[in-house]
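S.K.: Got a structure for you, written out below as structure tokens; questions coming shortly.
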Amino acid sequence: MRLTVLGPVRVWRDGIELTLGPPKQRALLALLLVRAGQPVSLSEMVDVLWGPAPPKSAANVVHRHVGSIRRLLGEGGPAGVAGGILVRGAGGYRVDVDAGALDLLRFRQLAGQARRAAAAGSPGRSVELFLQALELWQGPVAAGVPEGIRAHPAFLGVDQEYPAAVKEAAEATWECGDPEQAVPVLRQAADRYPLDEALQARLMRALAATGRQAEALEAHRALRSRLKEELGIDPGREVRAVHEQMLRQGSPASPILPVSPATPPPVPRTPGLRSGVRPAQLPSDLPFFTGRRAELTRTRELLAVPAGEPGMHESPPALVISAIGGMAGIGKTTLAVHWAHQVAHHFPDGQLYANLRGFDPAGSVTSPGEALRAFLHALGVPPTGIPAGVDAQAALYRSLLSGRRMLVLLDNVRDSAHARPLLPGTPGCLVIVTSRSRLDGLIVADGARPLPLGLMSKADAREALVRRLGADRMAAEPSAVDTIIELCGRLPLALAVVAARAATRPGFPLAAIATELRDSAGSLDAFAGSDPGADVRTVFSWSYQALDPPAARLFRLLALHPGPDLSLPAAASLAGLPAVETRPLLAALTRLHLLTEEAPGRFTFHDLLRTYATERARADDPDDIRRAARHRVLDHYLRTTRAAVQLLLPHRTEHVPPPPSPPHTAPEHLTTQEHAASWLTTRLPVLLCAVEQAAATGFPAYAWQLALALDLLLDRRGLRQEQLTIQRTALDAAERLPDRLGQAHAHRALGFAHHRLHQDDDAQAHLLRALEIFTALGRRDGQARTHRSLAFMANSQARHHQALDHYGQALGLYESTGNDSGRANVLNETGWTHILLGQFGEALIQCRQALAVHQRAGDPNGEAAAWDSLGYAHHHLAQYEDALACYHNALAIYQDIKDRYLEADTLDHIGDTHHALGDRRAADARWRQALDILAAMGHPDAVPLLDKIHGTTTGPR
Numbered sequence: 027m028r029l030t031v032l033g034p035v036r037v038w039r040d041g042i043e044l045t046l047g048p049p050k051q052r053a054l055l056a057l058l059l060v061r062a063g064q065p066v067s068l069s070e071m072v073d074v075l076w077g078p079a080p081p082k083s084a085a086n087v088v089h090r091h092v093g094s095i096r097r098l099l100g101e102g103g104p105a106g107v108a109g110g111i112l113v114r115g116a117g118g119y120r121v122d123v124d125a126g127a128l129d130l131l132r133f134r135q136l137a138g139q140a141r142r143a144a145a146a147g148s149p150g151r152s153v154e155l156f157l158q159a160l161e162l163w164q165g166p167v168a169a170g171v172p173e174g175i176r177a178h179p180a181f182l183g184v185d186q187e188y189p190a191a192v193k194e195a196a197e198a199t200w201e202c203g204d205p206e207q208a209v210p211v212l213r214q215a216a217d218r219y220p221l222d223e224a225l226q227a228r229l230m231r232a233l234a235a236t237g238r239q240a241e242a243l244e245a246h247r248a249l250r251s252r253l254k255e256e257l258g259i260d261p262g263r264e265v266r267a268v269h270e271q272m273l274r275q276g277s278p279a280s281p282i283l284p285v286s287p288a289t290p291p292p293v294p295r296t297p298g299l300r301s302g303v304r305p306a307q308l309p310s311d312l313p314f315f316t317g318r319r320a321e322l323t324r325t326r327e328l329l330a331v332p333a334g335e336p337g338m339h340e341s342p343p344a345l346v347i348s349a350i351g352g353m354a355g356i357g358k359t360t361l362a363v364h365w366a367h368q369v370a371h372h373f374p375d376g377q378l379y380a381n382l383r384g385f386d387p388a389g390s391v392t393s394p395g396e397a398l399r400a401f402l403h404a405l406g407v408p409p410t411g412i413p414a415g416v417d418a419q420a421a422l423y424r425s426l427l428s429g430r431r432m433l434v435l436l437d438n439v440r441d442s443a444h445a446r447p448l449l450p451g452t453p454g455c456l457v458i459v460t461s462r463s464r465l466d467g468l469i470v471a472d473g474a475r476p477l478p479l480g481l482m483s484k485a486d487a488r489e490a491l492v493r494r495l496g497a498d499r500m501a502a503e504p505s506a507v508d509t510i511i512e513l514c515g516r517l518p519l520a521l522a523v524v525a526a527r528a529a530t531r532p533g534f535p536l537a538a539i540a541t542e543l544r545d546s547a548g549s550l551d552a553f554a555g556s557d558p559g560a561d562v563r564t565v566f567s568w569s570y571q572a573l574d575p576p577a578a579r580l581f582r583l584l585a586l587h588p589g590p591d592l593s594l595p596a597a598a599s600l601a602g603l604p605a606v607e608t609r610p611l612l613a614a615l616t617r618l619h620l621l622t623e624e625a626p627g628r629f630t631f632h633d634l635l636r637t638y639a640t641e642r643a644r645a646d647d648p649d650d651i652r653r654a655a656r657h658r659v660l661d662h663y664l665r666t667t668r669a670a671v672q673l674l675l676p677h678r679t680e681h682v683p684p685p686p687s688p689p690h691t692a693p694e695h696l697t698t699q700e701h702a703a704s705w706l707t708t709r710l711p712v713l714l715c716a717v718e719q720a721a722a723t724g725f726p727a728y729a730w731q732l733a734l735a736l737d738l739l740l741d742r743r744g745l746r747q748e749q750l751t752i753q754r755t756a757l758d759a760a761e762r763l764p765d766r767l768g769q770a771h772a773h774r775a776l777g778f779a780h781h782r783l784h785q786d787d788d789a790q791a792h793l794l795r796a797l798e799i800f801t802a803l804g805r806r807d808g809q810a811r812t813h814r815s816l817a818f819m820a821n822s823q824a825r826h827h828q829a830l831d832h833y834g835q836a837l838g839l840y841e842s843t844g845n846d847s848g849r850a851n852v853l854n855e856t857g858w859t860h861i862l863l864g865q866f867g868e869a870l871i872q873c874r875q876a877l878a879v880h881q882r883a884g885d886p887n888g889e890a891a892a893w894d895s896l897g898y899a900h901h902h903l904a905q906y907e908d909a910l911a912c913y914h915n916a917l918a919i920y921q922d923i924k925d926r927y928l929e930a931d932t933l934d935h936i937g938d939t940h941h942a943l944g945d946r947r948a949a950d951a952r953w954r955q956a957l958d959i960l961a962a963m964g965h966p967d968a969v970p971l972l973d974k975i976h977g978t979t980t981g982p983r
């Protein structure tokens, strides 16, 4: 078998070229080939083939094409795995071939050998190998595949390996003194990438060095014309320097310019992590990054290996930890992100990033546990698969990274202990840690390589201003520029703020800005130094003084907001103003770079600006003003959360009166279930922070009530650890009040969360304590809900008769309070217990009663659940037509109320019943519909459903 993707997608078997089928099938094969050796998930296949708006039939089409490709490439793979070359695993499908069968892998193999030869001091051998590798390219990657699909990053990234290798080959020809060898490949690559200035510069240089001065000058003229016509820009510094050297020196016999080395291409990706995902979490690189040459040289030394040993493109020799330290605002994060982007291609298993907020003045520090859960989620671990406890989570994290080549950036770490649980345990990874503290513990105990970061040099500071303000404006007032650099203390953040002000006021002379800086007084204590100009507060206070009083007041109050970002209504609540008056104030803060709009309608502070705002609030606003602002924003989040949950889960919220609202609170107006779901998804990190802040700042009632409002939502989404954390906070807050009702609700929620994590001893203790308090308070609905939780746990332990006892008590309690929705839920759950006991006739009786009560109560979610239970009972009685009728009733309701998970669950049940009827085609259709929903959600139930589709398992789960 021979396959090519470097040019047209082609396949030969036994010397005969095969027909590859329709365009979408050919495109899918191309995707599998460019990702050879790495699983490609169903969702990624759909994304590549159709983009953001796939048809409903997309998943079915993909599965048909996969089957055709399997037959094309040959059946009968490894033991028990269908597909031969095309292998199915937990993460999706992957093509398993070696470099002798696929041109892309052969190219990468030869290019890797060429780099090793260059590193070993054999440039001639390196050139020979590079030229062999480049001969494999017969055109753009996947030529012939529709352009809209080829524009996907999966193909564009591979396309860039060709010009990168050409640049490296050209550099090798200089090393061996024979630039003539590079001219043909440079011409070909320059024709294919006419706007790649680095390629064009190397072609000009090679032409000039081999006596073709006129051709070199004509290449420069043509490039300059193309750039002007197509992009409206002039050639960059590299091309200009080559041109100047050509004019000045004629045809040199040696390199005329030290052109920047080519960026090595991405190395072949190793098989993906357990879920087939490849995290790419790095923040974007700063377009104005400049300087830091000494530090970047040091970072390259950190990754260097002895000559003759494997280079970074193969495998790092050991775990490397670089601890970048320095004062706040010095540019630690900027440098770390820039460096990470430069070396990311050496770590093909991906990049993880966490801002640990170690010095967050609001106290919203990201704990190692929170970061670990986020990393595990990014690595494909479903919420239900994340163990309890930081030690167990860290162990799983280290296991997943074992043998991988991953880049991990831990930003804003508080101290060594803050970072240590997030370190991989085996060689192959690079960890970059930034902190305002000296991380002596990591240096001594973990072998971290420190990289202290000082102030920018004057030359680098000047270049930074030139990039933001333009060379002409800088040249007109050189003395003022020197003063600005001095008074900003060469601090990158301060320079950026001043440059932003100057850029938005092009009519202001720079001398006026320098005078304002000189006349300002005060400093941020944390950043005081021997140089009087190193004073960030001078810059911030100057920007702050430019605000009108309402905007300045909002700036101060925003520092009180919980969590990393906020919306317009939350800002309005903090300020106690209508949204229409708050919006222009936010715009004023954004214009002056005192606030960043990181997404439409969502705003965030830089850490230093939050510090400054906090100090201003303490200095300018009395305690009662700040307490009232916190009260308003917590009320905003509690009431909006309750409204959102009520829209999504009517008849499921606890009937607990909220605390009295303070004046001028502005909850968000949520009108649809889609709007409610979106709001809860985007605001969930803030809501979790709000629970903690409410408990810490003297609003315990808001802490436990907000935790209660989030209880069912977190359970539905499988966020067990988050549920456990906030309910512990809720319990502490309720005990401090003391509030017995809050304690009861927190104990019940904690009990259920512990059970979900299989910690049943703790679960039992909390649930029994909740039952005791609810009983003492005479809260019958609370007692009933707790009995249901105890029954749920009993059923999971196969203690079904004990579960029936709890359900019986819950039913009596609901009946005594007239809670029809609760009574119907218990009837349905009782019916389900009878199904588990094999008592299907009794189950039908109970579930029909539940259905009737839910219909009278107007509870569509409960009605759908009852229909689904009835269908399940009929199925087990072999009454398949009745089962299908019940399931379709449930399905229609779930689709109407937009409950996607339970819609998928019912589709799965429908498929089971069609399968029992012998209609495998209809079963597959329903299972695939369910799979589409679950795959889009990233739900772990997608995996067993995929096995069912492929025949590994059958029947109801």
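Quick note: my numbering has the sequence shown finishing at residue 983, numbered continuously throughout. Glycine included, C-beta positions come from ideal geometry on N, C-alpha and C.
1. Relative to the ligand MG, is the shortest distance from any of its heavy atoms to the C-beta of Thr630 smaller than 8 Å?
2. Count Cβ pairs between the segment 656-667 and the segment 596-604 that sit closer than 8 Å; are there 3 or more?
3. My output table needs one value for Gly118: the three-state DSSP class, helix, strand or coil.
4. Buried or exposed for Pro693, please, with buried defined as at least 16 other CB atoms from any protein chain shown within 10 angstroms of its CB.
5. Thinking just about the alpha-carbon of each residue, which of Pro408, Val439, Asp437 and Leu456 is nearest to the one in Gly429?
6. Quick one: Cα of Ala791 to Cα of Ile412, how far?
7. Once the 5 residues before and after Gln719 are set aside, which same chain residues still bring their CB inside 7 Å of it?
8. Compute the Euclidean distance between the alpha carbons of Ala625 and Leu592, then round it to the nearest angstrom.
9. Okay, do the segment 365-384 and the segment 726-745 touch, 3+ Cβ pairs below 8 Å being the bar?
10. Quick check: the segment 843-859 against the segment 889-901, are there 3 or more CB pairs under 8 Å?
11. Using the Cβ count rule (16 or more neighbours within 10 Å means buried), how would you classify Lys254?
12. May I have the straight-line CA-CA distance separating Thr622 from Gln158, to the nearest angstrom?
13. State whether the segment 743-763 contacts the segment 688-702, with contact taken as three or more CB pairs (one from each stretch) at a distance under 8 Å.
14. Assign His339 to one of two classes, buried (16 or more other C-beta atoms within 10 Å of its C-beta) or exposed (fewer than that).
15. Three or more C-beta pairs under 8 Å: does that hold for the segment 472-484 against the segment 406-425?
16. Mark Gly138 as exposed unless 16 or more other C-beta atoms lie within 10 angstroms of its C-beta, in which case mark it buried.
17. State the beta-bridge partners of Ser593 as determined by DSSP.
18. For Gln164, count neighbouring C-beta atoms within 10 Å of its own C-beta (all shown protein chains included) and say buried if the count is 16 or more, exposed if not.
19. So what does DSSP say about Thr980, is it helix, strand or coil?
20. Going by C-alpha distance, which of Ala234, Ala735, Arg946 and Leu221 is nearest Ile259?
21. Assuming His880 contacts Gly888 (C-beta within less than 8 Å), just tell me the rounded distance between them.
22. So Ala810 and Ala829 are in contact, right, with Cβ under 8 Å, and what is the actual spacing, rounded?
23. Which first and last residues belong to the alpha helix (DSSP H) in which Val92 is found?
24. Could you give the distance in angstroms between the alpha-carbon of Gln835 and the alpha-carbon of Thr843?
25. Quick check: the Cα distance between Arg213 and Leu229, rounded to an integer number of angstroms?
26. Which residue's Cα is closest to the Cα of Gly454: His827, Gly93 and Ile347?
27. Along the chain, where does the alpha helix (DSSP H) that runs through Ile458 open and close?
28. Would you report the Cα separation of Ala552 and Leu468, rounded to the nearest angstrom?
29. What is the DSSP secondary structure of Ile923, reduced to helix, strand or coil?
30. What does DSSP give as the partner residue(s) for Val987 in the beta ladder?
31. Mind checking Glu244: buried by the 16 CB within 10 Å criterion, or exposed?
32. Run the CB neighbour count on Trp730, radius 10 Å, all protein chains shown included, and call it buried at 16 or more, exposed below.
33. So the candidates are Arg849, Arg516 and Leu767; which of them puts its Cα closest to the Cα of Gln875?
34. Under 8 Å, with one C-beta from each stretch per pair, do the segment 394-414 and the segment 738-758 reach the 3-pair mark?
35. Run through the segment 860-901 for me and flag every whole alpha helix (DSSP H) of 4 or more residues, listed as ranges in chain order.
36. Answer with buried or exposed for Val606, where buried requires no fewer than 16 other C-beta atoms within 10 angstroms of its C-beta.
M.R.: Well, looking at it:
1. The ligand MG is not part of this structure, which contains no ligands at all.
2. Touching, yes.
3. Correct three-state label for Gly118: strand.
4. Around the C-beta of Pro693, 16 or more other C-beta atoms lie within 10 Å, and the residue is accordingly described as buried.
5. The option with the nearest alpha carbon to Gly429 is Leu456.
6. In this model, Ala791 and Ile412 are separated by some 23 Å (Cα to Cα).
7. Contacts found: Pro588.
8. For Ala625 and Leu592, the distance between alpha carbons rounds to 10 Å.
9. Fewer than three beta-carbon pairs drawn from the segment 365-384 and the segment 726-745 are found closer than 8 Å, and the two stretches are therefore not classed as touching.
10. Touching, yes, given that three or more Cβ pairs across the two stretches are closer than 8 Å.
11. Per the 10 Å Cβ criterion, exposed.
12. Answer to the nearest angstrom: the Cα atoms are 50 Å apart.
13. Verdict: no, contact absent.
14. Its pLDDT being 40, under 50, His339 is placed unreliably by the model, and the measurement read from it follows with that caveat. Counting Cβ neighbours within 10 Å, His339 comes out buried, since at least 16 surround it.
15. Segments in contact, no.
16. It counts as buried.
17. The partner list for Ser593 (beta bridge, DSSP) reads Arg628.
18. Result: exposed.
19. With a pLDDT of only 48 at Thr980, under the threshold of 50, the placement of this residue in the model should not be trusted, and no figure is reported.
20. Taking Ile259 as reference, the option from Ala234, Ala735, Arg946 and Leu221 with the minimal CA-CA separation is Leu221.
21. 4 Å between Cβ atoms; contact.
22. That belief does not hold up - the Cβ atoms of Ala810 and Ala829 are roughly 14 Å apart, past 8 Å.
23. Segment Ala84 to Leu99, the alpha helix (DSSP H) holding Val92.
24. Rounded to whole angstroms, Gln835 and Thr843 show a C-alpha spacing of 13 Å.
25. Rounded to whole angstroms, the gap between the alpha carbons of Arg213 and Leu229 is 7 Å.
26. When only C-alpha atoms are compared, the closest one is Ile347.
27. Run containing Ile458: none in the alpha helix (DSSP H); it sits in the beta strand (DSSP E), Leu456 to Ser461.
28. Its pLDDT being 27, under 50, Ala552 is placed unreliably by the model, and the measurement read from it follows with that caveat. Rounded to the nearest angstrom, the two C-alpha atoms are 23 Å apart.
29. Judged by DSSP in its simplified three-state form, Ile923 adopts coil rather than helix or strand.
30. Absent from the model: residue 987. The displayed extent of the chain is 27 to 983, so no value can be given.
31. Exposed: under 16 other Cβ atoms inside 10 Å.
32. Classification for Trp730: buried.
33. The residue with the shortest Cα to Cα distance from Gln875 is Arg849.
34. The answer is yes - the segment 738-758 touches the segment 394-414, with three or more Cβ pairs under 8 Å.
35. Entirely contained in the segment 860-901, the alpha helix (DSSP H) runs reaching 4 residues are, in chain order, 866-883.
36. Of the residues assessed, Val606 falls on the exposed side of the cut-off, its CB having fewer than 16 other CB atoms within 10 angstroms.
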